[in-house]
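J.: Input: one structure, supplied below.
In UniProt numbering, the protein residues as written are 1 to 528.
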């Protein structure tokens, strides 16, 4: 309705309307240079038009323009070009939003007045610099120059006193940040990921409001960034940092830390008790200290290639300990034995002893779990070869919901047309009388560059089946497990589920033996 109202302002002359949204009409207005002072905003999807070369007068008549948005689909190439040597940009001082993706300009026009700008979004631009001197940017709150790989200089930001969001990720040519940045008292978000030539940051607590900092893959940074004790999310992945200073233990705002690929880190850092997520995979850390139980708000721990694993905090809901080939034992926990939220991943932990495997399967695997194994354990009273089984039930005893634990044996040798699955998702289809309910594990990534499965693995999860209406089975219930390829062939069902099993209601007591022959099999199940 709003678009139609604006269209009626000038049916045959789009350049006289307040807002321009239709891609073809914007193309015509810019190409013919017919824009007027009536235009307040332009939102142009460049992916919907053919290539356009802008002339010097493309914006000349739009002296009241406040919103300029040129955007494209992520994978598309830029379709707007400037005539050779031309710096083309609207010059009205009222401009508040400048959003021009893949902007072909190498620097901002000398006459451009940015004092009313609230947001600058020029990701993937060809800019090498913005302005000379100290521009008046007192209205500016957000600046996004990410993926501008030629950008090698930022202006003095002393006047940008209300700037709170600065995104410079993948600015590969950027060597240093202006000293004025460290005086921005409102800055909360600073993204510097993959600024590979960026010099080390200053070692002082300067940014009192900063809550997010990413310096991942800034390869020249060797010291831990102590530029704010107010940080909530910190990413220092793939840097040369070798140690975490003791002061970090007092950062009582810290929630999430990513130190992936920090190979020089060999000791488990002592973070604040407020931390909820720790991603420490591919570091030099081999042991987790017992005091980790003091992190009583910790929910996610990803720390791979460990040699030992102590008692973990009861708050933990996700544990990723993949490729811990030296890990044999797990510590008992005081947590509830049937925590429905716990997620466990022990991919390629081939030396876990039977007691540890039994602990995972019987006590801990109440969200979902992955660990090495070639046969469905005995505690799953209904088992079958292949990917499906039928359980015979007495519907007269069923009401409310039916809780169950399921297990499948997944083989890593599945290929389709000689192309291995790079990732997959296992789904469980439970069929009632006239309807089917679907349960899905999270996507499992098995790309060769990212922890491929080296042997058969057990995938275990807990769920429940609502018993109402069409979902109440007559006398039997079918459980059908499928492995869906996610990246190479999204809709392809693979056949590498060797066995499956289901345990109804409460877990039963049973012995886990990875190499023993199955017994107590329900021979009414399909495939067995």
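We put the beta carbon where it would ideally sit given N, CA and C, even for glycine.
Go to residue 500, then tell me how far its beta strand (DSSP E) extends in each direction, as first and last residue.
T.: That run of the beta strand (DSSP E) goes 497-504.
J.: Helix, strand or coil: how does DSSP classify residue 64 here?
T.: coil
J.: Would you report the Cα separation of residue 72 and residue 402, rounded to the nearest angstrom?
T.: Near 49 Å, if we compare the C-alpha coordinates of residue 402 and residue 72.
J.: Take residue 449 and list the residues in its own chain whose beta-carbon comes closer than 8 Å to its own, dropping the five residues that flank it on each side.
T.: With a pLDDT of only 39 at residue 449, under 50, the local geometry of the prediction cannot be trusted, and the value read off the model is given with reservation. Correct list: empty, nothing qualifies.
J.: Please report how far the alpha carbon of residue 539 lies from the alpha carbon of residue 237, in whole angstroms.
T.: No answer is possible for residue 539: it lies beyond the span of the chain, which begins at 1 and ends at 528.
J.: Thinking just about the alpha-carbon of each residue, which of 195, 300, 198, 157 is nearest to the one in residue 187?
T.: 157
J.: Between residue 328 and residue 369, how many whole angstroms is the CB-CB distance? I'm expecting something under 8 Å.
T.: Approximately 17 Å separates the beta-carbon atoms of residue 328 and residue 369; this is outside 8 Å, ruling out the contact.
J.: Which word fits residue 441, buried or exposed, when buried means at least 16 other C-beta atoms lie within 10 angstroms of its C-beta?
T.: buried
J.: Ordered along the chain, which non-local residues of its own chain (more than five positions away) have a Cβ less than 8 Å from that of residue 455?
T.: 348, 350, 372, 374, 412
J.: Just to confirm the assignment, what range does the alpha helix (DSSP H) spanning residue 51 have?
T.: Here residue 51 belongs to no alpha helix (DSSP H), and DSSP marks it neither H nor E.
J.: Please identify the residue among 195, 58, 427 whose C-alpha is closest to the C-alpha of residue 463.
T.: 427
J.: Per DSSP, which residues does residue 165 bridge with? Please list them.
T.: Per DSSP, 142, 189.
J.: Looking only at C-alpha atoms, which of 125, 93, 203 sits nearest to residue 112?
T.: 93
J.: Could you name each continuous beta strand (DSSP E) segment of 3 residues or more that falls completely within the region 354-382, going from the start of the chain to the end?
T.: Correct list: 368-372.
J.: Please report how far the alpha carbon of residue 29 lies from the alpha carbon of residue 39, in whole angstroms.
T.: 11 Å
J.: Kindly indicate which residue of 409, 474, 393 has the alpha-carbon position closest to the one of residue 387.
T.: When each option's Cα is compared against that of residue 387, the closest is 409.
J.: Specify, as a first and last residue, the run of the alpha helix (DSSP H) that residue 2 falls within.
T.: 2-7
J.: Write down the C-beta distance between residue 273 and residue 297 rounded to the nearest angstrom, noting that I regard them as a contact closer than 8 Å.
T.: 6 Å
J.: Report the partner residues of residue 482 according to the DSSP bridge assignment.
T.: 427
J.: Along the alpha helix (DSSP H) that carries residue 28, what are the first and last residues, could you check?
T.: Looking at the DSSP string, the run of the alpha helix (DSSP H) that includes residue 28 is 23-32.
J.: Return helix, strand or coil for residue 250, following the three-state DSSP convention.
T.: helix
J.: Mark residue 608 as exposed unless 16 or more other C-beta atoms lie within 10 angstroms of its C-beta, in which case mark it buried.
T.: Here the chain has residues from 1 to 528 only, and residue 608 is not among them.
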